[in-house]
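S.K.: Before anything else, here's the structure in question.
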Amino acid sequence: MLWLRNFDEEFQYAHLNTISIGDISKLHKIVEFVQQEVRQSRVLKTADPEWYKQWHLNGEISPSMQINEAWNSGYTGRGIKIAIVDDGLQTDHVDLVSNVDTVNDYDYVDDDNNPMPPYGSSHGTQVAGLIAAEKDNNECIVGVAHQSSIVGVRLLGNRGLTDSEEAQALNHHINEIDIYSNSWGPPDGYGFYGPGTLTKEALKAGVQNGRNGKGVIFIFASGNGMTRDNCNGDGYVNSMYTVAITSVQQGENAWYSEVCAPALAATYGGSEEDRYLTTTTTTDECKTNGTQGTSFSAPIASGIIALALQANPYLTWRDVQHLIVLTSSRKGFNDTYSDWSVNGANKEFSQVLGYGLMDAEAMVKKAKTWATVPVQHTFTTRTSFPFISTISDMLSSDTINVPRSNRLIRSLEQVTVRIRFSYSKFRGATEIYLVSPSGTKSNLLHFRIDDALKHKRRGSLTWTFMSVHFWWENPVGTWRLKVGSYKGYSVVTLFSWSLTFYGTSINPLTQKRTTVPTTRSINTSDLKSVSTTTNTTSIPTTFTEPTLTSKTAYILTDTKFDVLSTETATIADSTTTDSFSLYTKLTTSTTGSEPSYFSSANKPVIIGGVVAGVILIGAFIVFISCKIIAGRVKAVDSTTTSTTPAVFTV
Numbered sequence: 001m002l003w004l005r006n007f008d009e010e011f012q013y014a015h016l017n018t019i020s021i022g023d024i025s026k027l028h029k030i031v032e033f034v035q036q037e038v039r040q041s042r043v044l045k046t047a048d049p050e051w052y053k054q055w056h057l058n059g060e061i062s063p064s065m066q067i068n069e070a071w072n073s074g075y076t077g078r079g080i081k082i083a084i085v086d087d088g089l090q091t092d093h094v095d096l097v098s099n100v101d102t103v104n105d106y107d108y109v110d111d112d113n114n115p116m117p118p119y120g121s122s123h124g125t126q127v128a129g130l131i132a133a134e135k136d137n138n139e140c141i142v143g144v145a146h147q148s149s150i151v152g153v154r155l156l157g158n159r160g161l162t163d164s165e166e167a168q169a170l171n172h173h174i175n176e177i178d179i180y181s182n183s184w185g186p187p188d189g190y191g192f193y194g195p196g197t198l199t200k201e202a203l204k205a206g207v208q209n210g211r212n213g214k215g216v217i218f219i220f221a222s223g224n225g226m227t228r229d230n231c232n233g234d235g236y237v238n239s240m241y242t243v244a245i246t247s248v249q250q251g252e253n254a255w256y257s258e259v260c261a262p263a264l265a266a267t268y269g270g271s272e273e274d275r276y277l278t279t280t281t282t283t284d285e286c287k288t289n290g291t292q293g294t295s296f297s298a299p300i301a302s303g304i305i306a307l308a309l310q311a312n313p314y315l316t317w318r319d320v321q322h323l324i325v326l327t328s329s330r331k332g333f334n335d336t337y338s339d340w341s342v343n344g345a346n347k348e349f350s351q352v353l354g355y356g357l358m359d360a361e362a363m364v365k366k367a368k369t370w371a372t373v374p375v376q377h378t379f380t381t382r383t384s385f386p387f388i389s390t391i392s393d394m395l396s397s398d399t400i401n402v403p404r405s406n407r408l409i410r411s412l413e414q415v416t417v418r419i420r421f422s423y424s425k426f427r428g429a430t431e432i433y434l435v436s437p438s439g440t441k442s443n444l445l446h447f448r449i450d451d452a453l454k455h456k457r458r459g460s461l462t463w464t465f466m467s468v469h470f471w472w473e474n475p476v477g478t479w480r481l482k483v484g485s486y487k488g489y490s491v492v493t494l495f496s497w498s499l500t501f502y503g504t505s506i507n508p509l510t511q512k513r514t515t516v517p518t519t520r521s522i523n524t525s526d527l528k529s530v531s532t533t534t535n536t537t538s539i540p541t542t543f544t545e546p547t548l549t550s551k552t553a554y555i556l557t558d559t560k561f562d563v564l565s566t567e568t569a570t571i572a573d574s575t576t577t578d579s580f581s582l583y584t585k586l587t588t589s590t591t592g593s594e595p596s597y598f599s600s601a602n603k604p605v606i607i608g609g610v611v612a613g614v615i616l617i618g619a620f621i622v623f624i625s626c627k628i629i630a631g632r633v634k635a636v637d638s639t640t641t642s643t644t645p646a647v648f649t650v
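Per full-length UniProt numbering, the sequence shown runs over residues 1 to 650.
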């Protein structure tokens, strides 16, 4: 018997190596069966009643985040603790109760140990279900890290937040908690808002000291402002200490996703109608209708990271970032709006989706053998003050060069740009792009109509933007900042900007040091024509305050010129002694101007004149003496002006 499987019918696609019917006769007579093998995904069976609605996990949608495959490898989030920083957590929810760590729960709104939300507030409970809903308990759904522990940290309430409250919540038990899942932030669409001083320090302390020095993982939802917003206006999202996560829907970015240079990657966040996410909600219920947004992408990412930390609990906060970049990908996303390109390290990225869809299976596999990344270095350029303005809708640009002598960073992570600019009107029309020496272009800010309408009048702004699009690139070379206004709605003037680079001197993927040879041929294309002058004077290696060697100054009485006095000072060091003249204006004539010969270069001329004057005076005295001796002294007219210079002490 000979049977050839039909791929188009069996698997909905054709295999490149499928044997054609015409080839069957060429097979050996002992061949009874021909079948092309292909690997297929298999999902775990679960008794949870809403599993069939969990399209983001059950294999119904493609491309997949490969979470089932990570489960099949034995990773469930066991031993990892995740804080749900939100509007509260129903700690006794039937599908969550077995995974809630009540010992570490806290309510920063009411200042007690009970994070239970008030009636009608279920956002935090929905987030928690996507992370840690129990598996096979015949209740509701399954969470991505369904054996992890969750901690309720209630921060959001009916009142506004203070800086100290945010700081306390984000440093809550930083040696007990591994991941902080944050699905909150400033309003969408307008403004430039960020953490206060205390919260900035809390984020820094979390990555430096949390998890006993390995650093906690701060996950933040990138925002739902759609094309009308840019996440770089959110100072929580564009912090180098956080991981910004955005959303996708099938085959493209989610309709509510923002342009987001700080976004590292994306997960499914739900869309409309049959693609809402199903999760837990208050009063022991499950919810499907309306569950969508980056608020729900962030907890899915938190769950995937929990699987990776279970695979390798020694991962640092920066290791996690590198693993996300390495294992996330574009796969299956062909929409044009996401604006895909390849950076200088040959890594594909999107202006909207970062490095693409997260892959749980790939991440846990890489995590198991991952070598800790080298120490991070920081390098800040000198501030450039271009004072350039846009004309019409043209982009003005300025450059900053990172020299080849820089050996501190050869493999980039984050790049931040501190910018001060003004606008004649409509602030939201401002557009800013950063281009690396490799030609990688990152959209730092684009037209935001809501911000333009809220800020119609002239103003200025100083803000720090961040991009992850240059990951693993070498920073050496010319960086270009482009600034303009959408359709010429405003005149934008760039006052100043500087770059801060974060990265390593060693390639984190190969763990090999990138060095610059001490002797090498010069590439003439790197050279610029520069006019120079030769100075043969030895330059002192140290400088000391000048000391005066003479305190006598001479008034040179000349009615044609400004009258100056001179002091001689000496600069001394271990290698050379040099003298120069200090000129001080004493009196000013109404006629004439300062002559060119009043300079240190012409000091011998002045000295010669003084000597000649002294000789003449001496001759005159001798002449008068002779007259006295001869008894023929004549009276001198009282109006005669003495040519002897007046002398005074400084």
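Note that the Cβ used here is the ideal one computed from N, Cα and C, for glycine as well.
Which one of 394, 479, 370 and 227 has the shortest CA to CA distance from residue 254?
M.R.: Position 254 of the sequence shown, counted from the first residue, corresponds to residue 254. Checking every option, the nearest Cα to that of residue 254 belongs to 227.
S.K.: Roughly how many angstroms separate the alpha carbons of residue 344 and residue 244, rounded to a whole number?
M.R.: Position 344 of the sequence shown, counting from 1, holds the residue named residue 344. Position 244 of the sequence shown, counting from 1, holds the residue named residue 244. Each residue's alpha carbon lies about 22 Å from the other.
S.K.: Who are the Cβ neighbours of residue 521 in its own chain at under 8 Å, not counting the five residues just before and after it?
M.R.: Position 521 of the sequence shown, counted from the first residue, corresponds to residue 521. Note that residue 521 scores a pLDDT of 36, beneath 50, so its modelled location is shaky; the value from the coordinates is reported in the next line. The answer is none, since no qualifying residue turns up.
S.K.: Where residue 399 and residue 275 are concerned, what is the direct C-alpha to C-alpha distance, given to the nearest angstrom?
M.R.: One-based indexing of the sequence shown puts residue 399 at position 399. One-based indexing of the sequence shown puts residue 275 at position 275. Cα to Cα, the separation comes out at about 45 Å.
S.K.: Buried or exposed: residue 187, going by 16 or more other Cβ atoms within 10 Å of its Cβ?
M.R.: One-based indexing of the sequence shown puts residue 187 at position 187. Exposed, because fewer than 16 other Cβ atoms sit within 10 Å of the Cβ of residue 187.
S.K.: Does DSSP put residue 388 in a helix, in a strand, or in coil?
M.R.: Walking along the sequence shown from the start, residue 388 turns up at place 388. The answer is strand: DSSP assigns residue 388 an E or B state.
S.K.: Using the Cα positions of residue 229 and residue 325, report the straight-line distance between them to the nearest angstrom.
M.R.: Reading the sequence shown from its first residue, position 229 is the one you call residue 229. Reading the sequence shown from its first residue, position 325 is the one you call residue 325. In a straight line, the C-alpha of residue 229 is about 24 Å away from that of residue 325.
S.K.: Tell me, please, which residues DSSP counts as bridged to residue 234.
M.R.: Position 234 of the sequence shown, counted from the start, is the residue given in the question as residue 234. Residue 234 pairs with 193.
S.K.: As a quick exercise: from 394, 499, 260 and 286, pick the residue whose alpha carbon is nearest that of residue 484.
M.R.: In the sequence shown, residue 484 corresponds to position 484, counting from 1. Of the candidates 394, 499, 260 and 286, the one whose C-alpha sits nearest the C-alpha of residue 484 is 394.
S.K.: Rounded to whole angstroms, what is the Cα-Cα separation between residue 128 and residue 460?
M.R.: Residue numbering aside, residue 128 sits at position 128 when the sequence shown is read from its first letter. Residue numbering aside, residue 460 sits at position 460 when the sequence shown is read from its first letter. Approximately 41 Å, taken between the alpha carbons.
S.K.: Out of 119, 88 and 174, state which residue places its alpha-carbon closest to the alpha-carbon of residue 153.
M.R.: Your numbering for residue 153 matches position 153 in the sequence shown. Cα-wise, what sits closest to residue 153 is 88.
S.K.: In or out: residue 287 buried (at least 16 other Cβ within 10 Å) or exposed?
M.R.: For this step, residue 287 is matched to residue 287 along the sequence shown. With 16 or more other Cβ atoms within 10 Å, it is buried.
S.K.: Please report the straight-line C-alpha distance between residue 302 and residue 374, rounded to a whole angstrom.
M.R.: Walking along the sequence shown from the start, residue 302 turns up at place 302. Walking along the sequence shown from the start, residue 374 turns up at place 374. Taking the straight line joining both Cα atoms gives about 24 Å.
S.K.: Give the DSSP-derived three-state secondary structure of residue 163 in the structure shown.
M.R.: Taking the first residue of the sequence shown as position 1, residue 163 is located at position 163. Residue 163 falls in the helix class under three-state DSSP.
S.K.: Would residue 670 be called buried (16 or more neighbouring beta carbons within 10 Å of its own) or exposed?
M.R.: Absent from the structure is residue 670, since the part of the chain shown begins at 1 and ends at 650.
S.K.: Leaving aside the five residues before and after residue 172 along the sequence, list all residues of the same chain whose C-beta is less than 7 Å from its C-beta, in chain order.
M.R.: To locate residue 172, count along the sequence shown from 1; it is residue 172. Here the set comprises 83, 106 and 153.
S.K.: Excluding the five sequence neighbours on either side, which residues of its own chain have a C-beta within less than 8 Å of the C-beta of residue 191, listed in chain order?
M.R.: Within the sequence shown, residue 191 is the residue found at index 191, counting from 1. Within the same chain, residue 191 has close Cβ partners 233, 451 and 454.
S.K.: What do you reckon, are the CB atoms on residue 81 and residue 181 nearer than 8 Å?
M.R.: Counted from its first residue, the sequence shown places residue 81 at position 81. Counted from its first residue, the sequence shown places residue 181 at position 181. Not closer than 8 Å, so no.
S.K.: Since residue 261 and residue 444 should fall inside the 8 Å C-beta cutoff, what is the C-beta to C-beta distance between them, to a whole number of angstroms?
M.R.: Mapped onto the sequence shown, residue 261 falls at position 261. Mapped onto the sequence shown, residue 444 falls at position 444. That belief holds up - the Cβ atoms of residue 261 and residue 444 are roughly 6 Å apart, short of 8 Å.
S.K.: Do we get a CB-CB distance below 8 Å when we pair residue 342 with the residues of chain D?
M.R.: Judged by its chain identifiers, the structure shown contains no chain D, having just a single protein chain.
S.K.: If we call anything under 8 Å between Cβ atoms a contact, is residue 183 one with residue 299?
M.R.: Residue numbering aside, residue 183 sits at position 183 when the sequence shown is read from its first letter. Residue numbering aside, residue 299 sits at position 299 when the sequence shown is read from its first letter. Taking 8 Å as the Cβ cut-off, residue 183 and residue 299 qualify as a contacting pair.
S.K.: Sorted by chain position, which residues of the same chain lie with C-beta nearer than 6 Å to residue 220's C-beta, five sequence neighbours on each side aside?
M.R.: For the purposes of this step, residue 220 is taken as residue 220 along the sequence shown, with counting starting at 1. Once the five neighbours on either side are set aside, the close Cβ partners of residue 220 are 182, 236, 237, 242 and 244.
S.K.: Less than 8 Å between the CB atoms is what I'm expecting for residue 85 and residue 169, so what's the real figure, rounded?
M.R.: Here residue 85 refers to the residue found at position 85 when the sequence shown is read from its first residue. Here residue 169 refers to the residue found at position 169 when the sequence shown is read from its first residue. Indeed, because the Cβ distance is near 6 Å, the residues count as touching under 8 Å.
S.K.: Does DSSP put residue 486 in a helix, a strand or coil?
M.R.: Within the sequence shown, numbered from 1, the residue matching residue 486 stands at position 486. Helix at residue 486.
S.K.: Less than 8 Å separating the beta-carbons of residue 496 and residue 407?
M.R.: For the purposes of this step, residue 496 is taken as the residue at position 496 of the sequence shown. For the purposes of this step, residue 407 is taken as the residue at position 407 of the sequence shown. No.
S.K.: Look at residue 471 and residue 436 and say whether their C-beta atoms are less than 8 Å apart.
M.R.: The residue labelled residue 471 in the question sits at position 471 within the sequence shown. The residue labelled residue 436 in the question sits at position 436 within the sequence shown. No, the Cβ-Cβ distance between residue 471 and residue 436 is not below 8 Å.
S.K.: Roughly how many angstroms separate the alpha carbons of residue 357 and residue 342, rounded to a whole number?
M.R.: Mapped onto the sequence shown, residue 357 falls at position 357. Mapped onto the sequence shown, residue 342 falls at position 342. Each residue's Cα considered, the two are about 16 Å apart.
S.K.: Going by DSSP in three states, residue 108 sits in which element: helix, strand or coil?
M.R.: The count along the sequence shown starts at 1 and reaches residue 108 at position 108. DSSP places residue 108 in coil when its eight states are reduced to three.
S.K.: Assuming residue 424 and residue 491 make a contact with CB atoms under 8 Å, what is their CB distance in whole Å?
M.R.: The count along the sequence shown starts at 1 and reaches residue 424 at position 424. The count along the sequence shown starts at 1 and reaches residue 491 at position 491. Residue 424 to residue 491, Cβ: 4 Å. Contact.
S.K.: Starting from residue 699, follow its DSSP beta bridges and name the residues at the other end.
M.R.: For the chain, the structure presents residues 1 to 650; residue 699 sits outside this window and is missing.
S.K.: Do residue 489 and residue 376 have their C-beta atoms within less than 8 Å of each other?
M.R.: Position 489 of the sequence shown, counted from the first residue, corresponds to residue 489. Position 376 of the sequence shown, counted from the first residue, corresponds to residue 376. Their beta carbons are not under 8 Å apart, which means residue 489 does not touch residue 376 by this criterion.
S.K.: Count the other CB atoms, across all protein chains shown, that sit within 10 Å of the CB of residue 282; report buried if there are 16 or more and exposed otherwise.
M.R.: Start at 1 with the first residue of the sequence shown, and residue 282 comes out as number 282. Buried, because 16 or more other Cβ atoms sit within 10 Å of the Cβ of residue 282.
S.K.: Specify whether the region 108-116 and the region 136-143 touch according to this definition: at least 3 beta carbon pairs, one from each stretch, less than 8 Å apart.
M.R.: No: the two stretches stay apart, fewer than three of their Cβ pairs being nearer than 8 Å.
S.K.: Can you tell me whether DSSP reads residue 176 as helix, strand or coil?
M.R.: Walking along the sequence shown from the start, residue 176 turns up at place 176. Three-state result, residue 176: coil.
S.K.: Could you check which residue in 248, 338 and 499 has the C-alpha nearest to that of residue 63?
M.R.: As a position in the sequence shown, residue 63 is number 63, starting the count at 1. Selected option, being the one with the closest Cα: 248.
S.K.: I need the DSSP call for residue 221, collapsed to helix, strand or coil.
M.R.: Within the sequence shown, residue 221 is the residue found at index 221, counting from 1. In the structure shown, residue 221 sits in a strand (DSSP, three-state: E or B).
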